[in-house]
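Visitor:
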Amino acid sequence: MAFTAHPEEVARLRRAVGIHLTAWGLDGQVDTVQLCVSELVSNIVTHVGAGTPASLVLSTGGERLRVEVHDPDTRALPTLVDAESDAEGGRGMALVAALADRWGVQVYEEHKVTWCEFAVEVSSAPIAPDEEPSVERADALLDVYATLKPPACSYDRESGRVRRRVEEESVIDIVTDLLHRLRAHGGDVDRVLDCAQSRLEAGRR
Numbered sequence: 300m301a302f303t304a305h306p307e308e309v310a311r312l313r314r315a316v317g318i319h320l321t322a323w324g325l326d327g328q329v330d331t332v333q334l335c336v337s338e339l340v341s342n343i344v345t346h347v348g349a350g351t352p353a354s355l356v357l358s359t360g361g362e363r364l365r366v367e368v369h370d371p372d373t374r375a376l377p378t379l380v381d382a383e384s385d386a387e388g389g390r391g392m393a394l395v396a397a398l399a400d401r402w403g404v405q406v407y408e409e410h411k412v413t414w415c416e417f418a419v420e421v422s423s424a425p426i427a428p429d430e431e432p433s434v435e436r437a438d439a440l441l442d443v444y445a446t447l448k449p450p451a452c453s454y455d456r457e458s459g460r461v462r463r464r465v466e467e468e469s470v471i472d473i474v475t476d477l478l479h480r481l482r483a484h485g486g487d488v489d490r491v492l493d494c495a496q497s498r499l500e501a502g503r504r
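Our numbering puts the sequence shown at residues 300 to 504.
1) Whole angstroms is fine: what's the gap from W414's alpha carbon to E468's?
2) Tell me which residues share the same chain as L394 and place their Cβ nearer than 8 Å to its Cβ, disregarding the 5 neighbours each side in the sequence.
3) Could you pull the start and end residues of the beta strand (DSSP E) that T303 belongs to?
4) Answer yes or no: do L481 and V470 have a C-beta to C-beta separation smaller than 9 Å?
5) If distances are taken between C-alpha atoms only, which option among V406, R401, P377, Q405 comes closest to M392?
6) Between which two residues does the beta strand (DSSP E) holding Q405 run?
7) Assuming the contact rule is C-beta atoms closer than 8 Å, H305 and V344 should be a hit. Round their C-beta distance to whole Å, please.
8) How about E416 and R436: do their beta carbons lie closer than 9 Å?
9) What's the gap between the Cα of W323 and the Cα of E409?
10) Cutting at 8 Å between CB atoms, please list the residues of its own chain near R490, excluding the five before and the five after it.
11) In terms of alpha-carbon separation, which member of G360, E362, A495, V332 lies closest to V507?
12) Alpha carbon to alpha carbon, what distance is there between S354 and F302?
13) Is there at least one non-hydrogen atom of the ligand NAD closer than 8 Å to the beta-carbon of L339?
14) Alpha carbon to alpha carbon, how far is L364 from A396? Give it in angstroms, no decimals.
15) Would you kindly work out how many angstroms separate the C-alpha atoms of R460 and V356, rounded to a whole number?
16) Buried or exposed, going by whether 16 or more other CB atoms sit within 10 Å of the CB of L317?
17) Please list the terminal residues of the continuous alpha helix (DSSP H) segment that includes E338.
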């Protein structure tokens with residue numbers, strides 16, 4: 300997920316982290332990972348500079364969840380600081396080190412990667428797609444949307460579903476169109492996104 304290092308971006312990235320981890324069945328780790336992402340991004344804003352182009356990478360496989368933040372500054376390296384209890388700063392990486400199982404920095408020729416890893420704690424078994432009402436409703440919506448916007452949605456008539464390779468783009472188109480309509484009618488887009496994320500995390504269907 301590409302982003303520009305600004306304090307305002309933290310909320311968007313936290314929201315994205317919550318959505319991804321919930322989809323992966325890692326609901327119990329959302330708060331911890333979100334907090335670490337906030338610290339890593341804030342570290343770029345403070346020590347590299349506001350407006351720095353950066354990216355956030357989440358990955359999971361086997362027993363590990365990995366978070367990476369990429370930025371172009373190979374000189375400003377995150378370090379642990381023994382900050383005083385009343386200090387206003389200096390505790391960011393110490394907090395990451397305390398919450399994550401391990402963390403580190405990889406320096407490349409034109410950028411660096413600050414990363415941290417967590418042991419995977421699957422909160423519950425995934426719900427089979429055919430057993431979840433919200434998935435069935437979404438399938439029907441995608442089918443209809445495919446007929447309305449064929450360039451973005453390739454419709455698979457054999458399975459009656461939008462092909463997997465364009466499914467994510469189709470969902471993005473639908474959500475974007477709905478949010479455009481909401482904003483055009485004076486709605487609060489950020490509040491709606493926050494509510495949607497909360498319902499997703501709570502498992503409401």
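C-beta atoms are modelled at their ideal positions from N, C-alpha and C, and glycine is treated no differently. Quick caveat, the model's predicted, so the values are computed rather than measured.
Guide: A quick look at the data gives this:
1) 28 Å
2) L334, C335, E338
3) 301-303
4) no
5) P377
6) 401-406
7) 7 Å
8) Contact: no.
9) 32 Å
10) Apart from sequence neighbours up to five positions away, no residue of its chain approaches R490 with a beta-carbon distance below 8 Å.
11) Lying before the first or after the last residue shown, residue 507 is absent from the chain, which here runs from 300 to 504.
12) In a straight line, the C-alpha of F302 is about 6 Å away from that of S354.
13) No copy of the ligand NAD appears in this structure; indeed no ligand is present at all.
14) 15 Å
15) Note that R460 scores 44 on pLDDT, short of 50, meaning its location in the model is unreliable and no value can be drawn from it.
16) Reading off the sequence shown, one finds Gly at residue 317, where the question assumed Leu. G317 is buried by the Cβ-count criterion.
17) 329-346
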